[in-house]
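Trainee: Just dropping this structure here.
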Amino acid sequence: MTMRSLTLVAFVALATSLTAAAAGDPPAVTPAVATPAVAKPAAEPIYNESADATADINAALARAKRNHTRVLVQWGANWCGWCKWLHATCKADKNIAEKLRSEYEVVLVDIGQFNKFPELAVKYGADLKKNGVPFLTVLASDGTVITNQETSSLEKPANAEPKGHDVVKLLAFLSANQADVANADAVLASAVANAKSENKLVFLHFGAPWCGWCHRLEEWMAKPAITAIMAKAFVDVKIDTVRMTGGEALLNAHSLGKNGGIPWCEILDANGKALVNSNSASGNIGFPAAPEEIAWFVEMLKKSGANLNAEDIATLGASLKTPATKG
Numbered sequence: 026m027t028m029r030s031l032t033l034v035a036f037v038a039l040a041t042s043l044t045a046a047a048a049g050d051p052p053a054v055t056p057a058v059a060t061p062a063v064a065k066p067a068a069e070p071i072y073n074e075s076a077d078a079t080a081d082i083n084a085a086l087a088r089a090k091r092n093h094t095r096v097l098v099q100w101g102a103n104w105c106g107w108c109k110w111l112h113a114t115c116k117a118d119k120n121i122a123e124k125l126r127s128e129y130e131v132v133l134v135d136i137g138q139f140n141k142f143p144e145l146a147v148k149y150g151a152d153l154k155k156n157g158v159p160f161l162t163v164l165a166s167d168g169t170v171i172t173n174q175e176t177s178s179l180e181k182p183a184n185a186e187p188k189g190h191d192v193v194k195l196l197a198f199l200s201a202n203q204a205d206v207a208n209a210d211a212v213l214a215s216a217v218a219n220a221k222s223e224n225k226l227v228f229l230h231f232g233a234p235w236c237g238w239c240h241r242l243e244e245w246m247a248k249p250a251i252t253a254i255m256a257k258a259f260v261d262v263k264i265d266t267v268r269m270t271g272g273e274a275l276l277n278a279h280s281l282g283k284n285g286g287i288p289w290c291e292i293l294d295a296n297g298k299a300l301v302n303s304n305s306a307s308g309n310i311g312f313p314a315a316p317e318e319i320a321w322f323v324e325m326l327k328k329s330g331a332n333l334n335a336e337d338i339a340t341l342g343a344s345l346k347t348p349a350t351k352g
């Protein structure tokens, strides 16, 4: 082929290429690199699969005795969809959430594949294999079974969307099985009588379900080491200003209306006479968290003449010296 022919061929090839580009042929595209899919975080498990259910129930019974409430055991498992729906309803419905907060000490027991804590279920008469889960058991503060309840009868109608439990039925169940309303004067009188028979003082404290600092005080007092020391000298009694008849009136009577809120504490002798209270020169210390509050709490113990030695009092004071911020 001559040079002219080669030139002509090259020209035709170039013209063809330019014509194709002008006609709108798409340019070459670099293949896109696929973006790896981001996995959704796993849902938080509802049931603690490593928990000791016996210990959890015993701790709840102790709280129920102190708070004049009952224990609600919810048997279930993390694989159980209906258990998750029940848990969600209990958190989302404000009336049910308030009922549980005020009237019950809730314990969630993981049953595994119906192979965990079978002896505990038998002890409380919970037939889980027959009824399935979630299953509810209500206990009195002394461990007596108040009722066992399968939950299929508490569900919404089968065609309801979204699926779940009927809040009216669930609230009615909780209301029907809550503890009887206690009388504040009677509760205090019983504590004073016990103190007299045991030759102790009374450690009186006022609280309410909504009060976070009240719960801090109660949790501190419930620590085994603290309980052991306080029990040497005191009969512990809590008055609930919301749930007990006459609770608020009793608080005002003992504090002379100068309590500055709750928790408010007072130490009484075995005849019910006030010895010292949580009103320092700066006001009610509540739960003693700041150094000056802890100092007044220690002074309360000393002023009361409680049957505690110097080491006991020092231990109690030192146990309170942990970071805490009051809001």
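Per the numbering used here, numbering of the sequence shown is gapless, rising by one per residue and ending at 352. Ideal placement from N, C-alpha and C gives every residue a C-beta, glycine not left out. Quantities reported herein were computed from a predicted structural model and do not represent experimental measurements.
Taking DSSP's pairing of strands, which residues face Q174 in a bridge?
Mentor: Note: Q174 sits in a beta bridge opposite L161.
Trainee: Helix or strand or just coil, what does DSSP make of R95?
Mentor: Correct three-state label for R95: strand.
Trainee: What is the rounded straight-line gap between the Cα of G342 and the Cα of A209?
Mentor: When rounded, the separation of the alpha-carbon atoms in G342 and A209 is 29 angstroms.
Trainee: At what residues does the alpha helix (DSSP H) containing L196 begin and finish?
Mentor: V192 to A201
Trainee: Rounded to whole angstroms, what's the CA-CA distance from N296 to A306? Just pull it up for me.
Mentor: Near 26 angstroms, if we compare the C-alpha coordinates of A306 and N296.
Trainee: What do you get for A233, buried or exposed, if any count of 16 or more other CB atoms within 10 angstroms of its CB means buried?
Mentor: buried
Trainee: To the nearest angstrom, how far is the alpha carbon of H112 from that of I71?
Mentor: 8 angstroms
Trainee: By alpha-carbon positions, which one of K155, A151 and A250 ends up nearest to L164?
Mentor: A151
Trainee: Starting from V301, trace the beta strand (DSSP E) in both directions and tell me its first and last residue.
Mentor: In this chain, the beta strand (DSSP E) harbouring V301 covers A299 to N302.
Trainee: Do P316 and C239 have their C-beta atoms closer together than 8 angstroms?
Mentor: no
Trainee: Just checking, does the stretch 180-187 make contact with the stretch 80-94 on the three C-beta pairs under 8 angstroms criterion?
Mentor: Short answer: they don't touch.
Trainee: Within 10 angstroms of its Cβ, does L281 collect 16 or more other Cβ (buried), or is it exposed?
Mentor: exposed
Trainee: If the criterion is Cβ atoms closer than 8 angstroms, does the pair L161 and V131 meet it?
Mentor: no
Trainee: State the CB to CB distance for the pair L195 and T114, rounded to an integer number of angstroms; the pair is presumed to be in contact (CB under 8 angstroms).
Mentor: 7 angstroms
Trainee: Using the rule of at least 16 other Cβ atoms within 10 Å of the residue's Cβ for burial, across every protein chain shown, is R126 buried or exposed?
Mentor: The residue is exposed, with fewer than 16 neighbouring Cβ atoms inside 10 Å.
Trainee: Relative to the alpha-carbon of K298, which residue among A204, S166, A84 and A216 has its alpha-carbon at the smallest distance?
Mentor: A216
Trainee: Under a CB-based cut-off of 8 angstroms, is S307 close to chain D?
Mentor: Protein chain content of the structure displayed is limited to a single chain, and chain D is not contained in it.
Trainee: From the DSSP output, in three-state form, read off V58 for me.
Mentor: Any reading at V58 must be qualified, since the residue scores a pLDDT of 48, below 50, and its modelled position is unreliable; the value itself is stated next. Coil.
Trainee: How long is the line joining the alpha carbons of G237 and F312, rounded to whole angstroms?
Mentor: 10 angstroms
Trainee: Compute the distance between the beta-carbons of P182 and C108, then report whether it is under 8 angstroms.
Mentor: Taking 8 angstroms as the Cβ cut-off, P182 and C108 do not qualify as a contacting pair.
Trainee: Which first and last residues belong to the beta strand (DSSP E) in which E130 is found?
Mentor: From DSSP, the beta strand (DSSP E) with E130 extends over Y129 to D135.
Trainee: Taking the continuous beta strand (DSSP E) assigned at K327, which residues delimit it?
Mentor: Taken as a continuous stretch (DSSP letters only), K327 belongs to no beta strand (DSSP E), being part of the alpha helix (DSSP H) at P316 to S329.
Trainee: DSSP has R232 in a bridge; who is on the other side?
Mentor: Arg is not the amino acid found at residue 232; the sequence shown has Gly there. In the DSSP output, where bridge partners are listed per residue, G232 has D265.
Trainee: With respect to the beta strand (DSSP E) encompassing W107, which residues constitute its N-terminal and C-terminal limits?
Mentor: Segment G106 to A117 is the alpha helix (DSSP H) holding W107; no beta strand (DSSP E) there.
Trainee: Grab the span of the alpha helix (DSSP H) containing L153 for me, first residue to last.
Mentor: L153 to N156
Trainee: Could you work out which residue in N224, K221, A207 and V301 is closest to E273 when comparing CA atoms only?
Mentor: A207
Trainee: What are the residues that DSSP puts in a beta bridge with L293?
Mentor: V227 and A299
Trainee: Can the beta-carbon of V212 be found less than 8 angstroms from the beta-carbon of M255?
Mentor: no
Trainee: With DSSP collapsed to three states, give me the class of T169.
Mentor: coil
Trainee: State the DSSP-derived secondary structure class of V120, mapped to helix, strand or coil.
Mentor: In the sequence under discussion, the amino acid at residue 120 is Asn, which differs from the Val named in the question. Helix, per DSSP.
Trainee: Among the residues of its own chain, which have a CB less than 7 angstroms from the CB of F198, if the five just before and after it don't count?
Mentor: Q174 and L179
Trainee: Give the DSSP-derived three-state secondary structure of N184 in the structure shown.
Mentor: The three-state reading of DSSP puts N184 in coil, since its state is none of H, G, I, E or B.
Trainee: Distance, Cα to Cα, W104 vs W235?
Mentor: 32 angstroms
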